[in-house]
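First the structure, in the form of structure tokens, and then the observations on it.
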Amino acid sequence: MIKSDSRPLYLQVIDKIKEDIEKGRYKAGERLPSEFELSRQLGVSRATLREALRMLEDESVVVRRHGVGTFIHTKPLFSSGIEELFSVTDMIRRGGREPGTNFLSSGFVEATPEDKERFHEEDLQQVMKIERLRTADGDPVVYCLDKLPENLLPDPVSRGDESIFNQLEQNGITIAYAMTDLEPLGYHEHVSELLQCDPETALLVLKQMHYDDQERAVLYSVNYFRADKFKFHVLRKRVF
Numbered sequence: 015m016i017k018s019d020s021r022p023l024y025l026q027v028i029d030k031i032k033e034d035i036e037k038g039r040y041k042a043g044e045r046l047p048s049e050f051e052l053s054r055q056l057g058v059s060r061a062t063l064r065e066a067l068r069m070l071e072d073e074s075v076v077v078r079r080h081g082v083g084t085f086i087h088t089k090p091l092f093s094s095g096i097e098e099l100f101s102v103t104d105m106i107r108r109g110g111r112e113p114g115t116n117f118l119s120s121g122f123v124e125a126t127p128e129d130k131e132r133f134h135e136e137d138l139q140q141v142m143k144i145e146r147l148r149t150a151d152g153d154p155v156v157y158c159l160d161k162l163p164e165n166l167l168p169d170p171v172s173r174g175d176e177s178i179f180n181q182l183e184q185n186g187i188t189i190a191y192a193m194t195d196l197e198p199l200g201y202h203e204h205v206s207e208l209l210q211c212d213p214e215t216a217l218l219v220l221k222q223m224h225y226d227d228q229e230r231a232v233l234y235s236v237n238y239f240r241a242d243k244f245k246f247h248v249l250r251k252r253v254f
């Protein structure tokens, strides 16, 4: 039960729940007691508790799932500025985890009209298509679908966990920048299952066209990140 002071009750409830999280009473991903039980424990009305939970959700401390309950928000393991271009391998290593790769498929496929447009090659016949599941300490965290023009990367599978960025650089191709679209996505029937996601776990999809230091389009990637494992941020400067 909270100890009442001069502040509004909902603010005291917020502080009490945060304190319980810090002390380990509630752990990341754990469901809180029902509103009835929690309001009884804290000695407040359910209306006061709901206001506190609403504000905690706004702060991303908790997440409320309709018909299921309120859960302690899982903090992302990996965080990166969206303006910084890192390979998935580097992102995982920077998060203090060991990167790994499960190859799902790899091989040459016929270039589609979209591939020819992306890579600015009307005569492009084939592209290397690579499907991988990236792991952190053995846990699946990112599903990657990559495409490259033929002959840029003859045999990526034989080079194990090494990032495609590094493999390209060893072939004399240096990635300079990427044009990126970031899209939120709910449950994906194929990808969410591969990443062992709960139905409520969202995905962050990064679609990126990578260019080398000679302005050539060399790598198209679609990466599906578990939103509970990765956080992306961006520095925005005011324009006068």
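The numbering of the sequence shown is the numbering used here, which starts it at 15 and goes up by one. From the three backbone atoms N, C-alpha and C, an ideal C-beta is built for every residue, glycine too. The structure displayed is predicted, hence computed values, not measured ones.
- Aspartate 226 has its alpha-carbon roughly 12 Å from the corresponding atom of asparagine 185.
- Within the same chain, and ignoring the five residues on either side of proline 213 in sequence, the residues whose Cβ sits closer than 8 Å to its Cβ are Tyr201 and Ser206.
- Per DSSP, the unbroken beta strand (DSSP E) holding glutamine 140 starts and ends at 140–150.
- By the C-beta density criterion, proline 163 is buried, having at least 16 other C-beta atoms within 10 angstroms.
- Taking the Cα positions, threonine 88 is about 44 Å away from leucine 138.
- Each of Gly121, Ile144, Leu67 and Arg107 was checked against the Cα of alanine 150, and the nearest Cα belongs to Arg107.
- Counting of Cβ neighbours within 10 angstroms places methionine 193 among the exposed residues, the total staying below 16.
- Looking only at Glu44, Gly38, Ser59 and Lys41, the smallest Cα-Cα distance to valine 27 is reached by Ser59.
- Note on aspartate 195: under 16 other CB atoms within 10 angstroms of its CB, so exposed under the neighbour-count rule.
- Inclusion of histidine 224 and leucine 233 in the CB contact set at 7 Å is warranted, their separation being smaller than that value.
- According to DSSP, residue pairing for isoleucine 189 in a beta bridge involves Asp226.
- Taking the CA atoms as reference points, glycine 114 sits about 8 Å from leucine 147.
- Burial of aspartate 160 is indicated by the presence of at least 16 other C-beta atoms within 10 angstroms of its C-beta.
- Judged by DSSP secondary structure, isoleucine 28 falls outside any beta strand (DSSP E) and instead within the alpha helix (DSSP H) spanning 23–36.
- Within 10 angstroms of the beta-carbon of asparagine 165 lie fewer than 16 other beta-carbons, which makes it exposed.
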